[in-house]
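Count along the sequence shown starting at 1, add 288, and that's the number in my numbering. Ideal placement from N, C-alpha and C gives every residue a C-beta, glycine not left out. Values in this document were obtained by computation on a predicted structure and should not be read as measured data. Structure, as structure tokens:
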Amino acid sequence: MNTQKITLPDHEAVIFDMDGTLVDSMWMWKKIDIEYLKRYGVDTPHDPCQIEIIQKEIEGMSFTETAIYFKEKFQISDSLEQIKQDWNEMAYEIYCTKVPYKKGALEFLKYCKAHGKKLGVATSNSRELVDAVGEILHFDEYFDCIMTSCEARRGKPAPDVYLAVAERLGVEPSRCLVFEDIPAGIKAGNAAGMTVIAIEDDYSKEMKAEKQELARYFINDYEDLRL
């Protein structure tokens, strides 16, 4: 596992996780979880470890799987669709106004397109929020395929969403390069038979050693790539 400036491996396709990998957004979800649970009398700030445990348990889950987790664990009476709608509404404005590309990501996308790489997104987020981010950050200029774990039926660390994106791109998994920011996502890329580069993110900084152990390469940001 390489932690120095790395030469970009020669692959036909590059597939990105979205949150924490392509855009700087993981910071918002802890706050949303706390605010959401307060509505149901779960005051997580009184137990600092509780929200961390929740975040770890839902790591990599699809949007629907996460809704099932919250509904069952906290006995929420709302339907799964209502839970997801509430999260979408809570996150929408933040995504549209306060979520930028990760450092060097946009320049890297431009490089990939200029060099004929096929590009995809494999995200655990909802289709509604992915589309919102895509509209603001002009994803349609770069990506040939954007897929959610809900659409692939299983969240990470199952490889389904990565395999589905590779199939849509028409590229063998072994010819795909994956960028991920959390262990579950790295495991998903590995299970799909792809080469995984882990990227640093404040949300998962406590998991850095695990990420370095799991991934083929580790970078602090996209400027660590030798193009």
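Membership of F431 in any alpha helix (DSSP H) is not indicated, and neither H nor E is assigned to it by DSSP. In the structure shown, E501 falls within a helical segment according to DSSP collapsed to helix, strand and coil. Separation of S367 and A355 (C-alpha to C-alpha, rounded to the nearest whole angstrom) is 9 Å. Fewer than three pairs of CB atoms, one per stretch, sit closer than 8 Å, so the stretch 373 to 388 makes no contact with the stretch 433 to 448. For the set A393, E488, K372, A402, the Cα lying nearest the Cα of Y324 is the one of K372. Look at R514 here: in three-state DSSP terms it is strand. Contact check for S412 and K391: beta-carbon distance about 22 Å, past the 8 Å limit, so the pair fails to qualify. From the listed residues M306, E498, E501, the smallest Cα separation to L394 is found for M306. In the displayed model, V449 falls within a helix according to three-state DSSP. The alpha-carbon separation between L417 and T295 amounts to approximately 33 Å.
Cβ contact annotation for K359 (same chain, cutoff 8 Å, sequence separation greater than five): D366, L368, I371, in chain order.
Within a 10 Å sphere around the beta-carbon of L515 sit fewer than 16 other beta-carbons, which makes this residue exposed. Apart from the 5 residues on each side of it in sequence, T385 has no Cβ closer than 8 Å to any other Cβ in its chain. If the five residues before and after S414 are omitted, its C-beta is found closer than 8 Å to the C-beta atoms of F351, K372, W375, N376, T436, C438, all from its own chain and listed in chain order. C-alpha of P388 to C-alpha of D490: approximately 14 Å in a straight line.
Here F362 is exposed. Its C-beta has fewer than 16 other C-beta atoms within 10 Å. By the C-beta criterion, the stretch 498 to 513 is judged not to be in contact with the stretch 312 to 321, since fewer than 3 inter-stretch pairs fall below 8 Å. Burial of E468 is indicated by the presence of at least 16 other C-beta atoms within 10 angstroms of its C-beta. Short of 8 Å from the beta carbon of A420, and not among the five residues preceding or following it, lie these beta carbons of its own chain, in chain order: Y380, Y383, C384. Taking C-beta atoms as the reference points, K406 and V330 fail to come closer than 9 Å.
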